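Colleague:
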Amino acid sequence: IAYISAHHLQEPIKKALLTTDLLEEEVRDKVDLSSNENWQRVKRALHRASVLKLDLHAYLKLFTAEPLHERVELNQVIETVCRSLAQSIEAVNGTVEVEKLPCLLGDPQEFTDLFLHLIDNALKYRHPDRNPQVLIEGAAPLDGRVTLRVTDNGIGMPESRIETALELFGRLHNDTESEGTGLGLALVRRTVEMFGGVLSIESKEGLGTVVFFDLPVAPPSDLLVGNG
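First residue of the sequence shown: 57, per the working numbering; consecutive thereafter.
1. Checking 9 Å against the spacing of the C-beta atoms, do F269 and L204 come in under that value?
2. Hey, how far is the Cα of P164 from the Cα of V128?
3. Tell me which residues share the same chain as P214 and place their Cβ nearer than 7 Å to its Cβ, disregarding the 5 neighbours each side in the sequence.
4. For the segment 169 to 182 against the segment 142 to 155, do three or more pairs of beta-carbon atoms, one drawn from each stretch, fall closer than 8 Å, so that the two count as touching?
5. How is the alpha helix (DSSP H) around S216 delimited, first residue to last?
6. Nearest to I257 by alpha carbon, out of G212, C138, K180, D88?
7. Within 10 angstroms of the Cβ of G200, are there 16 or more other Cβ atoms? Answer buried if so, exposed if not.
8. Where do the ends of the beta strand (DSSP E) carrying D208 lie?
9. Measure the CB-CB distance between P188 and D169 and report whether it falls below 9 Å.
10. Which residues share a DSSP beta bridge with T265?
11. Do you know whose CA, among K180, Y181, V137, N149, lies nearest E166's CA?
12. When the Cα atoms are used, what is the spatial distance from L78 to R97?
13. Does the distance from the CB of L124 to the CB of P158 come in under 9 Å?
14. Would you tell me roughly how many angstroms separate the C-alpha atoms of D185 and P276, rounded to the nearest one?
15. Just the Cα atoms here: how many angstroms apart are I218 and E126?
16. Per DSSP, what kind of secondary structure is V154 in: helix, strand or coil?
Laid out in structure tokens, this is it:
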């Protein structure tokens, strides 16, 4: 029921956004709504509601859909994510450095969403005094799994707030301070848990955050072909 409800929330939000655009066009010659702070606050709230609905839909889907278990080229996945975020990365003079990573066994779309949220978080919660930097690296595979580490140099958070950040709607900053919905890290943790992994975070306020998690490594290609 919750999954269906989240899906149907999008229609009224889309209609409200369309109405604001039409109204803006209608009164353009009489009133400049683009400079009206109250009007812009309404539009920002509607846009955030739209993003929130999409994140909530994705989160609930992780509990209902059966994930794929196929060979995933992780470096290609992250390259795709960086292309989709290219404008955002360039706008803040950010960099994303990625080591050579092993192939995983899992769902390529879920892994894409996972890294999209982690890199997007690093951009949103960047430190005002330095350009955002993200480093993605992995330890040597062990017992069929690999531990991955995503490090950023953003604003970080106090250790006492880490668990809150991982909760559903666990926003650490209010609407005026950030664009987040409070679902990003909850989505990441749920994805990791779906593949039997554990996620942990180390963070220092003012210095940055490191997210650790493990995922299953894909067997050699010949084994996958043989099992097919």
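Glycine included, every Cβ here is placed at the ideal spot set by N, Cα and C. Since the model is a prediction, treat every value here as computed from it, not as a measurement.
Modeller: Straight from the coordinates:
1. yes
2. 6 Å
3. E261
4. yes
5. No alpha helix (DSSP H) contains S216, which DSSP labels as neither H nor E.
6. G212
7. exposed
8. 201 to 208
9. no
10. D208, S259
11. V137
12. 17 Å
13. no
14. 45 Å
15. 32 Å
16. strand
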